[in-house]
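Working notes, beginning with the structure itself.
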Amino acid sequence: MENRTISIAFIRNMVSGCGLPKRYCAELLERAGIDPESINSERARVSPTQLSLLNKWITDATGDEGMGHYRQPQKPGTFHALAHYQQTAVDLEQAIERNVRFYNLFDFGFSLALIRSGDYISYRLQADLGLTLTDWVYEQHLMINHRFLSWLSGSPIPLYRVNFNYPAPVHSGEYHYLFFSDTRFNQDHSEIIFHRQYLSLPIIRSTAELDDYLSRLPHELLQLPNQGSSYTEQIRRLLKKSLPDIPSYEAMAISLGLTPQTLRRRLRQEGCDYRLIKNELIRDTAIGYLLHDNREIKTISYQLGFSEPSAFIRSFKKWTGVTPHQYRDNHSLGADSLKSGDRI
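Residue 1 is where the sequence shown starts when you use UniProt numbering, and the numbers rise one by one after that.
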(Lines of atoms letter the chains of each structure in order from A; the text may use other names.)
(Lines give C-alpha, C1' and ligand atoms only; values in the text may rest on other atoms or scores of the structure.)
Protein backbone atom coordinates (compact mmCIF):
# COMPACT_ATOMS: atom_id res chain seq x y z
CA MET A 1 0.00 0.00 0.00
CA GLU A 2 1.30 3.45 -0.95
CA ASN A 3 0.85 6.15 1.66
CA ARG A 4 1.17 9.61 0.16
CA THR A 5 2.66 12.13 2.57
CA ILE A 6 3.30 15.87 2.60
CA SER A 7 5.67 18.16 4.47
CA ILE A 8 4.49 19.28 7.90
CA ALA A 9 5.34 22.82 6.70
CA PHE A 10 1.89 22.94 5.08
CA ILE A 11 0.31 22.42 8.50
CA ARG A 12 2.75 24.74 10.29
CA ASN A 13 1.92 27.58 7.92
CA MET A 14 -1.80 26.99 8.27
CA VAL A 15 -1.75 26.84 12.07
CA SER A 16 0.63 29.78 12.56
CA GLY A 17 -1.83 32.36 11.29
CA CYS A 18 -5.09 31.04 12.73
CA GLY A 19 -5.01 33.09 15.94
CA LEU A 20 -6.13 30.22 18.19
CA PRO A 21 -4.38 29.66 21.55
CA LYS A 22 -1.24 27.53 21.30
CA ARG A 23 -2.58 25.02 23.80
CA TYR A 24 -5.75 24.53 21.75
CA CYS A 25 -3.71 24.14 18.55
CA ALA A 26 -1.58 21.50 20.29
CA GLU A 27 -4.73 19.62 21.27
CA LEU A 28 -5.93 19.67 17.66
CA LEU A 29 -2.57 18.40 16.44
CA GLU A 30 -2.63 15.53 18.93
CA ARG A 31 -6.22 14.74 17.96
CA ALA A 32 -5.04 14.43 14.35
CA GLY A 33 -2.22 12.10 15.40
CA ILE A 34 0.56 14.69 15.04
CA ASP A 35 3.16 15.27 17.74
CA PRO A 36 3.01 19.04 18.50
CA GLU A 37 6.78 18.98 19.02
CA SER A 38 7.24 18.01 15.37
CA ILE A 39 5.51 21.14 14.06
CA ASN A 40 8.83 23.00 13.74
CA SER A 41 10.70 20.10 12.16
CA GLU A 42 11.72 20.63 8.55
CA ARG A 43 11.56 16.91 7.76
CA ALA A 44 8.45 15.64 9.56
CA ARG A 45 5.75 14.15 7.33
CA VAL A 46 1.96 14.08 7.62
CA SER A 47 -0.87 12.70 5.51
CA PRO A 48 -3.23 14.78 3.35
CA THR A 49 -6.07 13.43 5.53
CA GLN A 50 -4.46 14.94 8.63
CA LEU A 51 -4.20 18.27 6.81
CA SER A 52 -7.88 18.07 5.83
CA LEU A 53 -8.97 17.30 9.38
CA LEU A 54 -7.02 20.21 10.84
CA ASN A 55 -8.34 22.53 8.15
CA LYS A 56 -11.92 21.58 9.06
CA TRP A 57 -11.39 21.83 12.82
CA ILE A 58 -9.65 25.21 12.63
CA THR A 59 -12.33 26.57 10.29
CA ASP A 60 -15.02 25.42 12.73
CA ALA A 61 -13.16 26.86 15.74
CA THR A 62 -12.49 30.26 14.14
CA GLY A 63 -15.72 30.60 12.18
CA ASP A 64 -13.48 31.68 9.30
CA GLU A 65 -12.82 29.82 6.05
CA GLY A 66 -9.65 31.90 5.73
CA MET A 67 -8.55 30.58 9.16
CA GLY A 68 -7.27 33.97 10.31
CA HIS A 69 -5.01 34.63 7.32
CA TYR A 70 -7.20 37.24 5.60
CA ARG A 71 -7.73 40.86 6.61
CA GLN A 72 -11.41 40.12 7.25
CA PRO A 73 -12.87 36.68 8.08
CA GLN A 74 -14.31 34.60 5.26
CA LYS A 75 -17.62 33.54 6.79
CA PRO A 76 -18.58 29.85 6.61
CA GLY A 77 -20.63 29.23 3.48
CA THR A 78 -18.76 31.78 1.37
CA PHE A 79 -17.00 29.15 -0.74
CA HIS A 80 -20.27 27.24 -1.17
CA ALA A 81 -21.92 30.39 -2.54
CA LEU A 82 -19.00 30.98 -4.91
CA ALA A 83 -19.10 27.36 -6.06
CA HIS A 84 -22.79 27.53 -6.98
CA TYR A 85 -22.24 30.87 -8.73
CA GLN A 86 -19.48 29.34 -10.86
CA GLN A 87 -21.34 26.08 -11.50
CA THR A 88 -24.02 27.86 -13.55
CA ALA A 89 -21.42 29.41 -15.88
CA VAL A 90 -21.40 28.32 -19.52
CA ASP A 91 -17.67 27.73 -19.83
CA LEU A 92 -14.42 28.03 -17.92
CA GLU A 93 -13.87 31.63 -19.01
CA GLN A 94 -17.17 32.74 -17.51
CA ALA A 95 -16.53 30.65 -14.37
CA ILE A 96 -13.17 32.36 -13.79
CA GLU A 97 -14.64 35.79 -14.46
CA ARG A 98 -17.29 35.06 -11.83
CA ASN A 99 -14.61 33.84 -9.43
CA VAL A 100 -12.67 37.10 -9.80
CA ARG A 101 -15.79 39.26 -9.51
CA PHE A 102 -16.98 37.37 -6.42
CA TYR A 103 -13.74 37.52 -4.41
CA ASN A 104 -13.23 41.19 -5.24
CA LEU A 105 -16.50 42.01 -3.47
CA PHE A 106 -14.85 41.25 -0.11
CA ASP A 107 -12.18 42.98 1.94
CA PHE A 108 -9.91 39.96 2.35
CA GLY A 109 -6.73 41.97 1.82
CA PHE A 110 -6.16 40.96 -1.79
CA SER A 111 -7.61 41.38 -5.24
CA LEU A 112 -7.83 38.99 -8.18
CA ALA A 113 -7.41 39.60 -11.89
CA LEU A 114 -7.81 37.56 -15.07
CA ILE A 115 -5.13 38.77 -17.47
CA ARG A 116 -5.03 37.86 -21.16
CA SER A 117 -1.66 38.06 -22.88
CA GLY A 118 -1.31 36.47 -26.30
CA ASP A 119 -1.92 32.73 -26.10
CA TYR A 120 -1.78 32.63 -22.31
CA ILE A 121 -4.08 33.50 -19.43
CA SER A 122 -2.98 34.54 -15.94
CA TYR A 123 -5.14 34.15 -12.83
CA ARG A 124 -3.34 36.57 -10.51
CA LEU A 125 -3.61 37.29 -6.78
CA GLN A 126 -2.33 40.68 -5.61
CA ALA A 127 -2.05 41.86 -1.98
CA ASP A 128 -3.66 45.20 -1.22
CA LEU A 129 -1.27 48.14 -1.04
CA GLY A 130 0.66 48.18 2.22
CA LEU A 131 -0.52 44.71 3.29
CA THR A 132 1.70 41.63 3.53
CA LEU A 133 -0.05 38.31 3.00
CA THR A 134 1.27 35.03 4.35
CA ASP A 135 2.74 32.56 1.87
CA TRP A 136 -0.11 30.25 2.85
CA VAL A 137 -2.68 32.62 1.30
CA TYR A 138 -0.98 32.65 -2.10
CA GLU A 139 -0.20 28.94 -2.11
CA GLN A 140 -3.59 27.71 -0.93
CA HIS A 141 -5.76 30.15 -2.88
CA LEU A 142 -4.12 29.40 -6.22
CA MET A 143 -4.05 25.66 -5.56
CA ILE A 144 -7.64 25.34 -4.35
CA ASN A 145 -9.17 27.47 -7.10
CA HIS A 146 -7.18 25.70 -9.81
CA ARG A 147 -8.36 22.33 -8.50
CA PHE A 148 -11.98 23.42 -8.24
CA LEU A 149 -12.03 24.92 -11.73
CA SER A 150 -10.52 21.69 -13.07
CA TRP A 151 -13.26 19.72 -11.34
CA LEU A 152 -16.02 21.98 -12.70
CA SER A 153 -14.79 21.43 -16.26
CA GLY A 154 -14.24 17.70 -15.72
CA SER A 155 -10.65 17.90 -16.90
CA PRO A 156 -7.36 18.84 -15.21
CA ILE A 157 -6.26 22.24 -16.53
CA PRO A 158 -2.56 21.92 -17.41
CA LEU A 159 -0.59 24.89 -16.13
CA TYR A 160 2.14 26.48 -18.21
CA ARG A 161 3.78 28.05 -15.17
CA VAL A 162 3.15 29.05 -11.57
CA ASN A 163 4.78 32.19 -10.15
CA PHE A 164 5.08 33.31 -6.54
CA ASN A 165 6.30 36.69 -5.33
CA TYR A 166 8.04 35.27 -2.24
CA PRO A 167 11.31 33.34 -1.74
CA ALA A 168 11.28 29.57 -2.16
CA PRO A 169 10.09 28.01 1.14
CA VAL A 170 11.76 25.00 2.74
CA HIS A 171 9.08 22.73 1.25
CA SER A 172 9.27 24.21 -2.26
CA GLY A 173 10.36 20.82 -3.59
CA GLU A 174 6.81 19.57 -2.99
CA TYR A 175 5.07 22.25 -5.03
CA HIS A 176 5.15 19.98 -8.09
CA TYR A 177 2.41 17.91 -6.41
CA LEU A 178 0.34 21.05 -5.86
CA PHE A 179 0.43 22.24 -9.45
CA PHE A 180 2.31 19.72 -11.66
CA SER A 181 3.97 22.66 -13.34
CA ASP A 182 7.15 24.68 -13.54
CA THR A 183 7.00 26.74 -10.33
CA ARG A 184 9.13 29.84 -9.79
CA PHE A 185 9.73 32.03 -6.75
CA ASN A 186 10.87 35.63 -6.20
CA GLN A 187 8.74 36.68 -9.17
CA ASP A 188 6.92 39.99 -9.67
CA HIS A 189 3.49 38.40 -9.24
CA SER A 190 1.75 35.38 -7.72
CA GLU A 191 -0.27 33.67 -10.43
CA ILE A 192 -1.12 30.53 -12.34
CA ILE A 193 -0.66 30.71 -16.10
CA PHE A 194 -2.32 28.42 -18.66
CA HIS A 195 -3.11 28.37 -22.39
CA ARG A 196 -6.16 30.35 -23.45
CA GLN A 197 -7.61 27.34 -25.32
CA TYR A 198 -8.87 25.98 -21.98
CA LEU A 199 -11.17 28.96 -21.49
CA SER A 200 -13.66 27.35 -23.88
CA LEU A 201 -14.01 24.18 -21.80
CA PRO A 202 -17.69 23.77 -20.86
CA ILE A 203 -18.80 23.56 -17.23
CA ILE A 204 -20.19 20.02 -17.03
CA ARG A 205 -21.02 19.48 -13.34
CA SER A 206 -24.65 19.31 -12.26
CA THR A 207 -26.07 20.90 -9.13
CA ALA A 208 -26.44 17.45 -7.56
CA GLU A 209 -22.79 16.64 -8.30
CA LEU A 210 -21.73 19.97 -6.83
CA ASP A 211 -23.71 19.44 -3.63
CA ASP A 212 -22.12 16.02 -3.20
CA TYR A 213 -18.67 17.50 -3.83
CA LEU A 214 -19.21 20.32 -1.34
CA SER A 215 -20.35 17.86 1.32
CA ARG A 216 -16.85 16.36 1.25
CA LEU A 217 -14.93 19.61 1.71
CA PRO A 218 -12.19 20.34 2.57
CA HIS A 219 -11.07 16.77 1.84
CA GLU A 220 -11.80 17.00 -1.91
CA LEU A 221 -9.72 20.14 -2.37
CA LEU A 222 -6.77 19.18 -0.16
CA GLN A 223 -6.16 15.61 -1.31
CA LEU A 224 -3.41 15.15 -3.87
CA PRO A 225 -5.15 15.44 -7.26
CA ASN A 226 -5.46 12.66 -9.80
CA GLN A 227 -2.93 13.57 -12.46
CA GLY A 228 -2.57 10.09 -13.91
CA SER A 229 -1.48 11.39 -17.32
CA SER A 230 1.42 13.42 -15.90
CA TYR A 231 4.88 11.93 -16.29
CA THR A 232 5.44 12.32 -12.56
CA GLU A 233 2.50 10.03 -11.78
CA GLN A 234 3.28 7.59 -14.58
CA ILE A 235 6.80 7.17 -13.20
CA ARG A 236 5.49 6.69 -9.66
CA ARG A 237 3.20 3.90 -10.86
CA LEU A 238 5.98 2.16 -12.80
CA LEU A 239 8.41 2.44 -9.89
CA LYS A 240 5.79 1.04 -7.50
CA LYS A 241 5.25 -1.99 -9.73
CA SER A 242 8.99 -2.58 -10.16
CA LEU A 243 9.91 -2.66 -6.44
CA PRO A 244 12.28 -3.92 -5.12
CA ASP A 245 14.05 -3.35 -8.46
CA ILE A 246 14.54 0.30 -9.44
CA PRO A 247 14.90 0.96 -13.19
CA SER A 248 17.64 3.27 -14.36
CA TYR A 249 16.63 6.66 -15.70
CA GLU A 250 17.39 5.51 -19.25
CA ALA A 251 15.28 2.37 -18.83
CA MET A 252 12.39 4.44 -17.48
CA ALA A 253 12.55 6.76 -20.49
CA ILE A 254 12.37 3.76 -22.82
CA SER A 255 9.38 2.37 -20.89
CA LEU A 256 7.58 5.67 -21.49
CA GLY A 257 8.50 5.72 -25.17
CA LEU A 258 10.70 8.80 -24.82
CA THR A 259 14.34 9.69 -25.20
CA PRO A 260 16.14 10.54 -21.94
CA GLN A 261 16.43 14.15 -23.09
CA THR A 262 12.70 14.44 -23.81
CA LEU A 263 11.72 12.87 -20.49
CA ARG A 264 14.05 15.22 -18.63
CA ARG A 265 12.42 18.19 -20.36
CA ARG A 266 8.89 16.95 -19.64
CA LEU A 267 9.69 16.42 -15.96
CA ARG A 268 11.25 19.88 -15.76
CA GLN A 269 7.98 21.30 -17.12
CA GLU A 270 6.20 19.54 -14.24
CA GLY A 271 8.70 20.92 -11.72
CA CYS A 272 10.23 17.55 -10.92
CA ASP A 273 13.08 15.12 -11.67
CA TYR A 274 13.56 11.35 -11.65
CA ARG A 275 15.66 11.11 -8.49
CA LEU A 276 13.14 13.16 -6.51
CA ILE A 277 10.22 11.03 -7.71
CA LYS A 278 12.12 7.84 -6.83
CA ASN A 279 13.04 8.99 -3.33
CA GLU A 280 9.53 10.26 -2.60
CA LEU A 281 7.96 7.00 -3.76
CA ILE A 282 10.28 4.90 -1.58
CA ARG A 283 9.79 7.21 1.41
CA ASP A 284 5.99 7.25 1.15
CA THR A 285 5.80 3.49 0.59
CA ALA A 286 8.00 2.92 3.64
CA ILE A 287 5.75 5.15 5.74
CA GLY A 288 2.72 3.18 4.58
CA TYR A 289 4.36 -0.08 5.65
CA LEU A 290 5.41 1.35 9.01
CA LEU A 291 1.97 2.71 9.86
CA HIS A 292 -0.36 0.10 8.44
CA ASP A 293 1.19 -3.32 9.03
CA ASN A 294 3.61 -5.05 11.37
CA ARG A 295 6.35 -6.20 9.02
CA GLU A 296 9.88 -5.90 10.36
CA ILE A 297 12.23 -3.07 9.40
CA LYS A 298 14.56 -5.62 7.83
CA THR A 299 11.77 -6.92 5.60
CA ILE A 300 10.71 -3.41 4.58
CA SER A 301 14.26 -2.47 3.63
CA TYR A 302 14.61 -5.43 1.25
CA GLN A 303 11.16 -4.90 -0.26
CA LEU A 304 12.12 -1.31 -1.09
CA GLY A 305 15.31 -2.33 -2.87
CA PHE A 306 17.93 -1.65 -0.18
CA SER A 307 20.84 -4.06 0.05
CA GLU A 308 20.83 -3.96 3.85
CA PRO A 309 18.65 -2.49 6.64
CA SER A 310 21.31 0.01 7.73
CA ALA A 311 21.19 1.72 4.32
CA PHE A 312 17.40 1.98 4.57
CA ILE A 313 17.58 3.38 8.11
CA ARG A 314 20.09 6.05 7.05
CA SER A 315 17.99 7.10 4.07
CA PHE A 316 14.76 7.16 6.06
CA LYS A 317 16.33 9.33 8.76
CA LYS A 318 17.60 11.71 6.09
CA TRP A 319 14.09 12.02 4.66
CA THR A 320 12.10 12.32 7.90
CA GLY A 321 14.58 13.23 10.64
CA VAL A 322 13.92 10.03 12.62
CA THR A 323 14.63 6.31 12.28
CA PRO A 324 11.94 3.91 11.04
CA HIS A 325 11.51 2.54 14.58
CA GLN A 326 11.03 6.03 15.98
CA TYR A 327 8.59 6.96 13.23
CA ARG A 328 6.46 3.88 13.90
CA ASP A 329 6.46 4.52 17.66
CA ASN A 330 5.63 8.23 17.28
CA HIS A 331 2.81 7.77 14.80
CA SER A 332 1.16 4.46 15.65
CA LEU A 333 -1.31 5.97 18.15
CA GLY A 334 -2.33 8.74 15.77
CA ALA A 335 -2.80 6.31 12.90
CA ASP A 336 -5.05 4.10 15.03
CA SER A 337 -7.17 7.03 16.20
CA LEU A 338 -7.72 8.26 12.65
CA LYS A 339 -8.76 4.79 11.52
CA SER A 340 -11.42 4.46 14.19
CA GLY A 341 -12.44 8.05 14.84
CA ASP A 342 -12.36 11.29 12.93
CA ARG A 343 -13.40 11.40 9.31
CA ILE A 344 -13.94 14.18 6.83
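We treat Cβ as the ideally placed atom computed from N, Cα and C, and that holds for glycine.
Counting along the chain, the unbroken beta strand (DSSP E) around R116 starts and ends at F110 to S117.
Boundaries of the beta strand (DSSP E) around E191: S190 to H195. When only Cα atoms are considered, W319 and T88 end up about 45 Å apart. Going by beta carbons, T323 and I313 fall inside the 8 Å limit. Separation of the CB atoms of N13 and W136 is rounded to 4 Å, and the pair is thereby assigned contact status at 8 Å. Contact between F185 and Y166 holds: CB atoms are separated by about 6 Å, below the 8 Å threshold. DSSP assignment within the stretch 121-155 yields the following whole alpha helix (DSSP H) runs of 4 residues or more, N-terminal first: 135-153. Nearest C-alpha to G271 among S117, I6, S230 and R71: S230. Per DSSP, the unbroken beta strand (DSSP E) holding N163 starts and ends at R161 to N163. When DSSP states are grouped into helix, strand and coil, P309 belongs to the helix group.
Around the beta-carbon of Y289, 16 or more other beta-carbon atoms lie within 10 Å, marking it buried.
Three or more Cβ pairs closer than 8 Å define a contact, and the stretch 265-282 meets that threshold against the stretch 167-183. Minimum Cα-Cα distance from R116 among the listed residues A44, P73 and Y198 corresponds to Y198. Pairing W57 with H141, the inter-Cα distance amounts to about 19 Å. The Cβ-Cβ distance between L243 and L304 falls below 8 Å.
DSSP places C25 in the uninterrupted alpha helix (DSSP H) bounded by K22 to R31. Close CB contacts of V162 within its chain, under the 6 Å cut and outside five residues either way in sequence, are with F179, S181, T183 and I192 (chain order). Sorting F10, G66 and H84 by C-alpha distance to the C-alpha of D212 places H84 at the top.
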